[in-house]
Structure formats: structure tokens, C-alpha cells
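A quick write-up on the structure given underneath.
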Amino acid sequence: MSDDNQLLLAKQRKQQYLKQAIADYHLALFGDYLAERHKYKDLFGHDAIRFYLCVKHNYTPAQAQQMSSTELRFLLNEEMRYWTPPTDLAWSVS
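Position 72 of the sequence shown, counting from 1, maps to 71 under numbering that gives the first Met the number 0, and the rest follow consecutively.
Structure below.
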């Protein structure tokens with residue numbers, strides 16, 4: 000593989016990992032939003048999301064704990080449709 004191809008592959012990989020990290024970060028922010036909206040005490044981020052899924056959709060805590068970020072985003076697709084992260088906390092990849 001040529002140096003140019005390796006560099007291109009590395010840049011693409013970097014973009015992919017950055018997008019995944021930002022999506023996970025925004026998911027945690029959505030969990031904070033759910034915690035505030037539902038007045039959860041001491042639950043934030045991913046824990047608030049898992050608790051929400053247990054309460055609203057009857058998942059067991061064990062099932063919710065085993066879900067990946069991708070699965071959580073899929074299950075919360077409708078809830079997240081019109082939500083946007085707070086402007087001062089949002090990240091993006093250009």
C-alpha cells in the first residue's frame with residue numbers, strides 16, 4: 000500500500016472514530032436531557048437512558064445494560080428526532 004493510500008485510510012479512520020465519539024457524547028447529553036425532563040435523581044447520561052428504557056419499554060436492567068450506544072440510539076430514534084444538543088455543548092466534525 001502506498002504512503003498516500005495509508006494516509007487517506009488513516010484520515011478516514013480518524014473521521015469515523017471522531018463521528019462515533021461525538022455521537023456517543025451527544026447520546027450522553029440526551030440522557031442528561033431525559034433525566035432533567037423526568038426529574039430523575041442521581042441518574043445522568045447513559046444511566047438515565049437505560050432507566051428510561053426500563054420504565055417506558057419494560058426492558059430489564061440487565062438487558063438495558065448490555066445495549067451498545069448504537070442500539071440505544073436506535074431504540075431512542077423517535078424520542079431524539081426533534082432534540083438537538085445544547086449549542087454550547089454540541090460538537091461536530093467538519
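The C-beta atom is built at its ideal place from N, Cα and C for all residues, glycine as well.
Rounded C-beta distance between residue i and residue j? I'm assuming under 8 Å.
| i | j | result |
| --- | --- | --- |
| Leu74 | Phe29 | Not quite, the Cβ-Cβ distance comes to about 12 Å (not below 8 Å), so this is no contact. |
| Tyr51 | Trp82 | Contact doesn't hold; Cβ gap of about 13 Å is too wide. |
| Ala103 | His45 | Because the chain in this structure spans residues 0 to 93, residue 103 falls outside the shown range and cannot be described. |
Using a beta-carbon distance below 8 Å, is residue i in contact with chain C?
| i | result |
| --- | --- |
| Ile48 | Going by chain labels, chain C is absent from the structure shown, which holds only one protein chain. |
Sorted by chain position, which residues of the same chain lie with C-beta nearer than 6 Å to residue i's C-beta, five sequence neighbours on each side aside?
| i | result |
| --- | --- |
| Arg49 | Ala63 |
| Pro84 | His25 and Leu28 |
| Tyr58 | Leu52 |
Give every residue of the same chain whose Cβ lies closer than 7 Å to the Cβ of residue i, excluding the five residues on either side of it in the sequence, and list them in chain order.
| i | result |
| --- | --- |
| Leu88 | Leu28 |
Near residue i, which residues of its chain fall below 8 Å by C-beta distance, leaving aside the five closest residues on each side in sequence?
| i | result |
| --- | --- |
| Met79 | Phe29 and Arg72 |
Of the residues the options, which one's Cα is nearest the Cα of residue i?
| i | options | result |
| --- | --- | --- |
| Thr86 | Lys13, Leu17, His25 and Ser67 | His25 |
| His67 | Asp41, Ala22 and Ser1 | His is not the amino acid found at residue 67; the sequence shown has Ser there. Here the closest residue by C-alpha is Ala22. |
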